[in-house]
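Position in the sequence shown (first residue = 1) + 55 = our numbering.
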Amino acid sequence: MVFSGFLFPQFLIMLQTLKKQFFAHRNGMLAQQLKAAGDPHTIIMGCQLVDIVAITSLYGKDSQLAQALWNEKQHRECRMAATMLYPVEEFTVNNALEWCNDLESTEIADVLCHRLLRHLNYAPQLWEKMLKSEQPLSHYAAWRLLLNLLLMSKIENPTNLVSSIDKELQSASQSLRPILESIREECLL
Numbered sequence: 056m057v058f059s060g061f062l063f064p065q066f067l068i069m070l071q072t073l074k075k076q077f078f079a080h081r082n083g084m085l086a087q088q089l090k091a092a093g094d095p096h097t098i099i100m101g102c103q104l105v106d107i108v109a110i111t112s113l114y115g116k117d118s119q120l121a122q123a124l125w126n127e128k129q130h131r132e133c134r135m136a137a138t139m140l141y142p143v144e145e146f147t148v149n150n151a152l153e154w155c156n157d158l159e160s161t162e163i164a165d166v167l168c169h170r171l172l173r174h175l176n177y178a179p180q181l182w183e184k185m186l187k188s189e190q191p192l193s194h195y196a197a198w199r200l201l202l203n204l205l206l207m208s209k210i211e212n213p214t215n216l217v218s219s220i221d222k223e224l225q226s227a228s229q230s231l232r233p234i235l236e237s238i239r240e241e242c243l244l
C-alpha cells in the first residue's frame with residue numbers, strides 16, 4: 056500500500072486493524088474495574104484474554120508486528136497480543152530479557168510467561184537469568200515462568216529448588232507469595 060509517496064508497511068496496517076478489533080471487543084465494565092484496581096495502562100479496552108486470543112489467532116506469527124504491539128506500552132491489549140504473535144523460534148534471549156525488564160504489571164508478566172516464554176527452548180536457563188534482575192516485575196516473572204515450566208515438566212530435580220523457594224518466601228511481596236507457594240507445592244509432588 057502506498058501512503059503519501061511511501062510504501063506503508065503491512066505490519067502497520069495489521070497493527071491498526073488489531074487496535075480496531077480490540078475496540079470492537081471492548082468491555083467498559085472490565086476496563087473500569089482494571090483502572091480502579093490500579094492497572095498502569097492509559098489505554099484499557101477491557102478485552103478478556105479469550106477475546107485477545109481469538110483476535111490474534113486470525114494473524115500469522117510476525118516478529119515485526121509483535122514488537123510494534125509490545126512498543127505500545129500504554130495499551131494493555133497490545134502488550135498482551137504481542138506475546139501471542141512473536142514467533143518462538145525468533146525470540147532471542149536478549150529479546151526475552153529486554154521484555155522482562157520492560158514489564159509494567161503482573162498481568163502482562165503472567166501472559167508473557169504463559170503465552171511465549173514457557174515455549175522457548177532455553178526457558179529453563181532463562182528463568183535463572185531473570186532472577187538476577189533488579190526489576191521487581193522481572194523477578195516476579197522469573198518465578199511465574201518457573202511455575203509454568205514445572206507444570207510442563209520441563210525442570211529436572213525440582214526438589215532441589217525448595218530451599219531457594221523457602222528463602223525467597225521470607226521476604227516475598229504479597230503478589231509473589233502465592234506463586235512461590237504454588238511452586239513449592241509443585242516441587243514437592
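For every residue, glycine included, the Cβ atom is placed at its ideal position computed from N, Cα and C.
query: Confirm, please, whether the CB-CB distance from Leu192 to Cys155 is below 9 Å.; result: yes
query: Quick check on the DSSP output: what are the complete alpha helix (DSSP H) runs of length 4 or more inside the region 136 to 203, in order along the chain?; result: 148 to 156, 161 to 170, 178 to 186
query: Hey, quick one: how far does the alpha helix (DSSP H) through Asp221 stretch, first residue to last?; result: 217 to 225
query: Roughly how many whole angstroms lie between the Cα atoms of Ile23 and Asp157?; result: Within the shown structure, residues of the chain are numbered from 56 to 244, placing residue 23 beyond reach of any answer.
query: Quick one, which of Gln103, Gly93, Leu204 has its alpha-carbon nearest Phe78's?; result: Gln103
query: Give the secondary structure of Ser59 by DSSP, where H, G and I count as helix, E and B as strand, and everything else as coil.; result: Because the pLDDT of Ser59 is 48, which lies under 50, any placement of that residue in the model is unreliable, and the number read from its coordinates should be weighed accordingly. Looking at Ser59 - three-state DSSP - the assignment turns out to be coil, as it is neither helix nor strand.
query: Which residue's Cα is closest to the Cα of Tyr195: Gln88, Ser118, Cys168, Lys74?; result: Cys168
query: I need the DSSP call for Ile107, collapsed to helix, strand or coil.; result: helix
query: Spatial neighbours of Leu172 within its chain, please: C-beta separation below 7 Å, excluding the five flanking residues on both sides.; result: Ala151, Ala178, Leu181, Leu200
query: Strictly by DSSP, which residues pair up with His130?; result: Ile98
query: Answer yes if the region 103 to 113 comes into contact with the region 79 to 86, meaning at least three C-beta pairs across the two stretches below 8 Å, and no otherwise.; result: yes
query: So, is Ala197 buried or exposed, given that buried needs 16 or more other C-beta atoms within 10 angstroms?; result: buried
query: Can you tell me the Cα-Cα spacing of Val148 and Glu183, whole angstroms?; result: 12 Å
query: Go through its chain and collect everything with a Cβ distance to Lys209's Cβ below 8 Å, but skip five positions before and after it.; result: Arg173, Ala178, Pro179
query: Do the CB positions of Leu202 and Ala123 come within less than 9 Å of each other?; result: no
query: Does the distance from the C-beta atom of Leu243 to that of Val217 stay below 9 Å?; result: yes
query: Specify, as a first and last residue, the run of the alpha helix (DSSP H) that Gln71 falls within.; result: 65 to 79
query: For Met100 and Ala86, what's the separation of their Cα atoms in angstroms?; result: 6 Å
query: So, are the CB atoms of Thr97 and Gln129 less than 9 Å apart?; result: yes
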